[in-house]
Structure formats: C-alpha cells, structure tokens
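So the structure is just underneath, and the comments pick up after that.
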Amino acid sequence: MPDDVALPVPLDLDTFIHLPRTAGLALSPDGRRLVTLVSTVAPDGRRYGTALWEVDPAGDEPARRLTRSAQGEASPAFMPDGDVVFTSARPDPDRRPGEPGEDQPGPGLWMLPAGGGEARLVLEIPGGMDALAVARQSGTVVLAAAVTPGAGSIEEDRERAKARREAGVTALLLEHYPARYWDHWLGPRQRRLLVVDPRSLGEGGQAEPRDLTPDPGRALDQVDLDVTPDGATVVCGWRRREGRQVVTDLVAIDTATGSRRLLAGDGANHSEVRCSPDGRWAVCVREQPGQVGRASDQTLWLVSLDGEPMGPGTPGAPGSREAAGPLAGGRDLLPGFDLWPTHPVWAPDGRTIYFTADERGHCPAWKLALDSGEVTRLASQGAFSDLCPSPDGDHIYSLWSTMGSPPAVVRLDTAGADQVPVVLRSPGPALCLSSRVEELWAEADDGARIHSWLVLPPGASSSEPAPLVVFIHGGPLGSWNSWHWRWSPHVLAAQGYAVLLPDPALSTGYGQDFVQRGWGRWGERPYTDLMDAVDAALGRPDLDASRTAAMGGSFGGYMANWVAGHTDRFQAIVTHASLWALDQFHGTTDLGSWWELEFGDPYTEPERYLASSPHLAVDRIHTPMLVIHGELDHRVPLSEALRLWTDLSLHGVEAKFLYFPDENHWVQKPQNMKAWYQTVLAFLDHHVLGKEWRRPELL
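Each number in this note's numbering corresponds to the 1-based position in the sequence shown with 431 added.
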C-alpha cells in the first residue's frame, strides 16, 4: 500500500469500508523497529483480516508488511533479542493430519524471528489466548489463556474439550455472576495466567507453559496484566465480589511459586497496570466507583512491589484526591488533576510516567515527573494512544488521529510541550477529505460550556444550507475526540449532510463537575446540553434548521430514544443498540449491578430508573424511528430493541427495525457495515430530504 497517494474525495461508502485500519503499537528494545496492526477487508469481502506491519521510527523508510494469514494476527510484543511474538489462529503448517490440535479453535502463540523468515507456532492451547506480556530483560512470556476448570495440564484440557465436542454438548452450567461479557458467555472455560520460560521458545517443538493460577474461578476475567523486567512477578487485576458489586483488586503473583499477594484492594477498580523499569513499582489506573449522588472518578495509582513504604521520598508527589480513598496500598500520583488519566507507561529511567487523558474534545499525551509531580501536556490537538517511549528517553511514539484523519504512527519529543506530532510513514494511504471540521461551543443555563465538533459537507453555505444530523456518543462516559470507524460523520458529509458531534454532561475531558452534572439524571442535563448544542449550531446560516435528524448508539441510542419522547424538532431518529426500559435493562445486561452505583437498588428504589427511562414517554413519540440491534449484544441485550419495536408498533409510530443476527454491540463485518450505512442514509434521505424511500438492495 503506497503511503503517499491521496484517496479520491469525497469519502464514498465503499472507499471508507476498504480503508486500512491501524491499531496497536509496539517498539523494539533497541528502539529501531515499530510494529503495528493493520486491518483490511479480506478477499471474500466478509470480514477484516489483520496483519503485522513494521514502521521506521526515523520516518525514512516506507512501512512494510511482516505477516500474512487468513486468520490474522494480534497482540504483538518484542522479545529482548528483537524477535516478535504474537497471537494468531492460523494453522500450524508443520502439523500432520490427525495430530492433536488440528481443530484448535483459539489463537496460539507465534514467533517471528528478528532477522526475518517465517513465523512459527511456539504454543497452542485448545481454548486460545487473548493477552500476553513479555519481561523486558529476561524474556519471560506471560499469557492469559482459557482453560477448562479442573484441568491440570494443557493435554488434559485438550482431552476435556475433545470429549465435550464429540458428545455434542454445548450447554453451559453457570455458577457465578456475571455470566456474560459484551458478546460472549463466561464459561465453561476459565481465564488463567500461564508463564513460558524463554529458553523453551527455541527452535523445535512447542513451549511448555506453567500454570500460575490453577483455580482462579472468574477472578481473571477481563483483567489487565504486566510482568516485571526480570520475569519474577506478574502484576494483574483480580476480580472479586463485594456485596452485589464486582471489584478489581491489584495483586502480585510470583512466577516461580504462584504465590499471590494483595497490592491494592479497598473497593476500587484497578486496570492498565505497568511495571517500572527497575521492577520495584507498578502504576495503574484506579477507578473509585460512584454511588448514588456521586459520580465515579479515576486517577493514576502507584504501588510498591518490594514492600517499600509509600511515604515521602517515594516516586510521586504526596497527597490524595478526596474521591480516591485512603492511601493504604498505594499513592495517588495526580492529586488535583481534574481529568481522567488512562494508559500509563514508564520512561526508561523510571523517573517519568506518560499517559493520555481526554481534554476539551481532544485526547492529549501527557508527561508526569515523579520527583516533582509536575504534569506537562506534550501535544494538545487530536487523540493519542499506544504510547511507546524510546530507549534513549528522547521520543514518544504513538498512534494519533483527529476528527478528520484516521490513526497514523507519529513521533513526539519528550522535552516539548503542546507539540505538533511528526507523522511517520504509516501503512495506510493519506486521506484528502473535502468535508470540513470545525469546533463549536455552546453555553448551558448553569454556565457550563458545551463542546461540539461540526463536520460540514463541501458546498455548505448561507445560500445552500446543509441538513444537520446530530451524532450522540455512547458511554455515557466518553467524548467525541478522534477518528471513528463505526460512526463516521464523513460518510454522511459525502452525501451532503452536516454532522454535529456534541459532548453533553457525563462526557469526559471537562472536569469532574461536568460528569457530576449528569450522574444518575440522564434525562436532565445530558438532554438539555444536547439541545443547547443543537440550538447553537442551527444559529449558523450554513445549516438548515428545517431539516434535522438525531442518532446515537448505546447510551447515544438511549438519548436518541429520550429525544424522541421529549421533542418533535427532528424529522428522523436513528437508535442503535439502545437502552429503552431501564428497569428491564438492569436484569438483562451483562453486569446489571454496576448500574446500581448510579441509580440505586432497583428492587427497593425503582424511582431513579423510572425517572430516566425513555419507554414511559412512548405515547409522546411522533418522529419516525429506525431501530438497529445485533443478536449477540450482551451489554445492551436484544430485548431492549424488541420491546422498543413492539412499543413503537403498537403506538402507531412510523418505524423500521434493522436486525443483525451475527453482530454484537458493534457492526464489524464489512458487508453488514455497508448495509448499516445504506439503511441509515436511505432512512435519512426519505424523512429529512423528502426523497422516495429506497430499500437497500440486499435487505
């Protein structure tokens, strides 16, 4: 793929679906190689295939593809000698027919030599693996793998899986809550941590992993992990029940003995853990769960791995935010920092931590000096992710996107502030869009300022004002601040629509008080902020206030439903994977107890759920609605869409229902994505522009 050819504009649907999609970034120990993942449409057009690509950190050489397989690759990481390990479900080319493992359904561990050549399979597990970490000095590999409960070895696990398959048993016996997560059931396998000695990764045969957590129950579901540079200690989340809630402690596990000790466990949730270069410390994101009347909050948390006291003289400034709880078991690194930090990484000398945090419609990269507590914003525009500090400490490599450009690999200087990133020669082609992106601000009646992005089609002017579509983001704790593959405003702009992307109350990047404004009161400030943002936008002469629509997914779908029942100002509403009846939703979503932190106990105090539930206003809905949902969605189950569709139908609302039997919370298959956009655009064209309804050809 050439990286110096601009794509034709405007961004038509087929071009958009076939754009290469870059995600993830890893830097070699010597700082000379960057590896990223690039997804492209497979030859059959029915899915995306992902390959490893190498990017030159100096920016001199073009990106080059490293792997090819029908199944694709994931989770790349460098070994100390420069070899790349990754996971893939590709078949082993050296296996003879009939050998065990030929029907392995899950990804195995593969290694690509630093000097080139073919990747080879070094470990396979019947249930596959979904995460890995490599010790920077020793090369010890730690894997998160799915293993049958009670299995004492990989071979025993394979035999149990074979017996179940040959018997034709697909039933699950569930003995735990929660039982589902996003798009899959949690069972019958358990997620365990396996450790692989780097000496067993040599040529010939497969590695022999050791099981660090032989009977974890559901403690390791969806937790993050890292390993100290010497490979002696794994630091990871450990989930447990606390009353009706599930909380994630932080633990250290000795890789030699499997012994586990608690690092932090006072009811907060710990994630995105990273071990320091000297192996003495770990930093993580610490979320203080909310409660009725008080929003959740998060910070960066430092813990000692060698038992050193957390008093003065340790890394990090003293102090703690009131919302972060006591200092026992760690230290708050960002007291008074009124944003939500994410994705921390250590500088090579261990004196600095880099992280990202949403801020005013962007997601900058930040630098925290541990000795002084000083925080510096390295770059302010766009959205950064996957930060990779160079070994010499001079640079940070990252993925970077904006509202008008997809992710690319970039470089920042660690000594600068508010820089413009240097874009390296990334795998994908350059985009040259005809749509324009602008920032807007509105003011609510309580004085809060509401940020929005506005994407304008070519030709929008006072003489030819454009129809407006309002995109409402999900979360609800989130922000419009980066390129979006699932909800692209530029696809709509290519069809002549302007798109407004507002950040109402509950959005991140505007301080804790802004989140608090909407906490537990979804139909109040979040709704009025949206309307204030729309009013401010429609004051422009290049937008047509008589032709408007609103659409959203997940929480954005919830808000689209709320909008439908509380105003008739829009000509059409599109609601995707949406919450409709909050009392029902609590009992069917994958983790209903989480919502009790915001709305309380639905069994004894249903009032807050009902006060914020859109379904009670169904008799006031007059706007045509397009309902979209996937069968495999466990976060917002299909029952929400079925009840919404039933209620709309029985109340005489003009509506359509786009149903995907093979998609989850998101629509991810290329042809389904195309059908999604075609249906949405046909619905908007009919109701907003007055065109004749045209049913998409394959639906």
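Note that CB positions come from ideal geometry on N, CA and C, so glycine has one too. Being a predicted model, the structure only gives us computed values, none of them experimental.
Item	Value
Selected residue, minimal CA-CA separation from alanine 1008, among Glu1062, Arg1051, Glu870	Glu1062
Uninterrupted alpha helix (DSSP H) stretches inside the segment 663-742 (no shorter than 4 residues)	none
DSSP-derived helix/strand/coil call for lysine 1122	coil
Paired residues, beta bridge with arginine 867 - DSSP	Leu887
Distance, arginine 464 Cα to threonine 845 Cα	18 Å
Contained alpha helix (DSSP H) runs [length at least 4] in the segment 888-950, N- to C-terminal order	920-924, 943-947
For glutamate 1036, the three-state DSSP class (helix, strand or coil)	coil
Buried or exposed by the 16-neighbour rule on C-beta atoms within 10 Å, applied to serine 519	buried
Straight-line gap, aspartate 1032 to valine 723 (C-alpha atoms, nearest Å)	10 Å
Under the three-state DSSP convention, the category isoleucine 448 falls into	helix
Per DSSP, cross-strand counterpart(s) of lysine 798	Tyr785, Thr807
Boundaries (first-last residue) of the beta strand (DSSP E) holding serine 832	826-833
Under the three-state DSSP convention, the category methionine 1104 falls into	helix
Cα-Cα separation, leucine 603 to arginine 596	13 Å
Beta carbon of methionine 770 nearer than 8 Å to that of alanine 788	Going by the sequence as given, residue 770 is leucine instead of methionine. Contact: yes.
Straight-line Cα distance separating proline 896 from tryptophan 669	54 Å
Rounded separation between leucine 540 and alanine 505 - CA only	10 Å
Three-pair Cβ contact test at 8 Å for the segment 650-658 versus the segment 687-707	yes
Histidine 904 vs serine 910 beta-carbon contact at 8 Å	yes
Leucine 871 beta carbon less than 8 Å from that of alanine 967	yes
Contact under 8 Å by Cβ, valine 776 with proline 822	no
For alanine 839 and valine 930, the rounded distance between their alpha carbons	23 Å
Contacting residues, own chain, Cβ-Cβ under 6 Å from leucine 1022 (five flanking each side not counted)	Pro609
Inter-stretch contact at 8 Å, needing at least 3 Cβ pairs: the segment 840-860 / the segment 923-943	no
Backbone secondary structure at glutamine 1002 - three-state DSSP	coil
Outcome for histidine 1060 when other beta-carbon atoms lying within 10 angstroms are tallied against a minimum of 16	buried
At least 3 beta-carbon pairs within less than 8 Å: the segment 568-578 vs the segment 1046-1061	no
Glutamine 621 - partner residues in DSSP beta bridges	Val578
Chain-order list of residues whose beta-carbon lies under 7 Å from that of serine 857 (same chain, five-residue window excluded)	Asp434, Thr453, Val486, Ala494, Ala839, Val840
DSSP three-state assignment for leucine 974, whether helix, strand or coil	strand
Simplified DSSP state of tryptophan 1011, which is helix, strand or coil	coil
Identified DSSP bridge partners for leucine 563	Leu574
Pairwise C-alpha distance: leucine 625 and aspartate 661	16 Å
Cross-strand partners of valine 853 (DSSP beta bridge)	Arg842
Pick from Pro860, Gln676, Tyr1040, Gly689 that is closest to arginine 623, judged by C-alpha positions	Gly689
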